[in-house]
Amino acid sequence: MKRISLALTALILLASNAWSQMPPPQLFSEMDGIHFLADGTALPIWGYGWMTDGFITLPGPLLTYTEGEQVDLNFSNPSPESHTIHLHGLDVDQANDGVPTTSFFVVTGQSATYSFTADRPGTFLYHCHVTTTLHLTMGMYGMILVTRPDMTLFDGGPSYDQDIPVFFSDLEIATNLDPPGSFPFHTIRPDVFMVNGKSDNQLEQAAQIVHYEPGQTLALRLGSMAYSRVMCTFPSELNAVCQMSDGRPVPEPFALDSLEIYPGERFTVLITPEAGWDGTIDVDYWNMADGFIEDTQMIRVRDAALDVSETGQTPWAGFPNPAQHVIQYPPAFNVTVWDAWGREMFNGDLPDGRLHVQQWPVGSYLIRSGTGPISRFVVTD
Ligand SMILES: [Cu+2]
């Protein structure tokens, strides 16, 4: 009887939500998406996208809320099968949790609104909870961030400068090409391993690189929907400190050189990279069944001063950068150099283009000739 009344409630909820009438932002689900692998293969995916965009992505859109915000997450499903949005890790009530047996299915052609209060800051996930094994490997997942306007991780927690969402997942090409209609799904063996939906050379593209300014602290928002056990290795230059686990502060923050992330887990790790660093956080994907490493991907972290402009708008790129002794520019006049605090370090001409920095403190500097473009360089010891 309870089940029937729940179903009736769901039907009434759904009937009152014609999806054309929903205000944005509104997610939708589709089962005819395309995802490009690093080798150019176009792979069929299922997933979520913004209604206003009209296409789905892998992972789905990042959902960002402010602590305390009352959220109405509108969702419609024009796809041929039922789906839900399970709010993984958020403390929402049962009716809004997206587990179909205890809340409701969003069947083909219908819409629903998931209502909740984003009462805790942290890193969370969402995914479809219908035939979960299959719908997950097809791509129906994404990340949720709940942040605070004052840029602290939580009440009384440390402050930071940037949020960096890092979402791990994997898939099996054969399953995505030809999704099985029924069980067993436990035969799924992922063979594509992703960071924010990207693999291999895709992770060297500018949009995937984590850039920082020296002195900045970045909050890595790590979450996994992979079948694999994920292990991240943090080089010491990043000064990584784990602050939160599964959306709550850890009892005592701890320095990290590696971190294991099991399916569904989330961690918030602060990094404060040293000036002039360009390197990777290696990400190993371990097969949960046999305990072997299947693949290694990476997150590239780079001092923004070391980035080579892709637009050609920064012709004034010195060499080498970072520099220890001398940095070589084209010959120039009326050159000004500032340190990271805006103090003038040099003002004059460089007729031979050679800027001597051997005696300068380690750090990041800005340089400009006349009224030309400003470029950045790093001095190391
Ligand atoms: Cu689904």
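The opening position of the sequence shown corresponds to residue 0 in our numbering, with each subsequent residue numbered one higher. We put the beta carbon where it would ideally sit given N, CA and C, even for glycine.
{"query": "Please name the residue or residues paired with V105 in a DSSP beta bridge.", "result": "H82"}
{"query": "Within the region 200-247, note down every full beta strand (DSSP E) run reaching 3 residues or more, in order along the chain.", "result": "209-211, 217-223, 228-232, 240-244"}
{"query": "Please confirm whether any heavy atom of ligand 1 lies closer than 8 Å to the CB of E259.", "result": "no"}
{"query": "Between T116 and Q93, what straight-line distance do the alpha-carbon atoms span, to the nearest angstrom?", "result": "13 Å"}
{"query": "If we call anything under 9 Å between Cβ atoms a contact, is T122 one with R220?", "result": "yes"}
{"query": "Can you give me the Cβ contacts of R299 inside the same chain, cut-off strictly under 6 Å, excluding the 5 residues immediately before and after it?", "result": "I208, T279"}
{"query": "Tell me which same chain residues have a C-beta within less than 6 Å of the C-beta of W359, skipping the five on either side of it?", "result": "V378"}
{"query": "Is E80 a contact residue of ligand 1, with contact defined as CB to any heavy atom under 8 Å?", "result": "yes"}
{"query": "Does the distance from the C-beta atom of A331 to that of G352 stay below 9 Å?", "result": "yes"}
{"query": "Taking the alpha-carbon positions, what's the H34 to L57 distance?", "result": "7 Å"}
{"query": "Do D338 and G362 have their CB atoms nearer than 9 Å?", "result": "yes"}
{"query": "Could you check which residue in S168, G138, L237 has the C-alpha nearest to that of D31?", "result": "G138"}
{"query": "Measuring alpha carbon to alpha carbon, tell me which of C231, N95, P248, N195 ends up nearest M224.", "result": "N195"}
{"query": "Below 8 Å, can you find three or more Cβ-Cβ pairs linking the region 161-176 to the region 222-240?", "result": "yes"}
{"query": "So which of T107, P262, F54 has the shortest CA-CA distance to E80?", "result": "T107"}
{"query": "So what's Q407 in DSSP terms, helix, strand or just coil?", "result": "Any question about residue 407 goes unanswered here, given that the chain covers just 0 to 380."}
{"query": "Taking Cβ to Cβ, would you say M21 is nearer than 9 Å to S78?", "result": "no"}
{"query": "Here's a check: name, in chain order, each residue in its chain whose Cβ is nearer than 6 Å to the Cβ of T132, leaving out the five neighbours to either side.", "result": "F184"}
{"query": "Expressed to the nearest angstrom, what Euclidean distance is found between the alpha-carbon atoms of V98 and D294?", "result": "32 Å"}
{"query": "Per DSSP, what are the beta-bridge partners of S28 in this structure?", "result": "Y47"}
{"query": "At the level of alpha carbons, what is the spacing between A239 and L349?", "result": "40 Å"}
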